[in-house]
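Engineer:
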Amino acid sequence: MSKIRQIDYTTPRTLVSYSGKRTVRMTGQENRYKFSGVFIAGEEDEFAKIGDERKDWQKSAFPLPWTDSPDVVEPES
7 MSKIRQIDYT TPRTLVSYSG KRTVRMTGQE NRYKFSGVFI AGEEDEFAKI
57 GDERKDWQKS AFPLPWTDSP DVVEPES
């Protein structure tokens with residue numbers, strides 16, 4: 007029996023935003039529209055500095071992390 011493919015925000019993975027401006031390492035908490043993670047690379051601004059852990063990263067700004075996704079999830083080109 008094969009495993010069902012599901013969206014998975016609990017497994018630590020690195021997500022690269024659709025804009026390419028932010029790379030975030032997920033820390034396992036989520037709600038309907040947001041997830042938690044540490045900003046590890048990209049453009050700093052008043053919203054986030056590299057090393058900041060936030061609980062309000064917008065899910066819509068990043069590709070979906072599926073249960074079978076690789077460790078680094080990048081937008082499809």
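For the sequence shown, the numbering used here begins at 7 and goes up steadily by one. Using N, Cα and C, we set each Cβ at its ideal position, and we do this for glycine too.
#1: Let me check one thing: in DSSP terms, what residues is I95 bridge-paired to?
#2: DSSP beta-bridge partners for R28?
#3: Taking just the CA atoms, how far does F45 sit from E59?
#4: Among A67, A47, Y15, Y24, which has the Cα closest to the Cα of T33?
Structural biologist: Quick look at the numbers:
#1: With the chain covering only 7 through 83, there is no way to say anything about residue 95.
#2: G48
#3: 6 Å
#4: Y15
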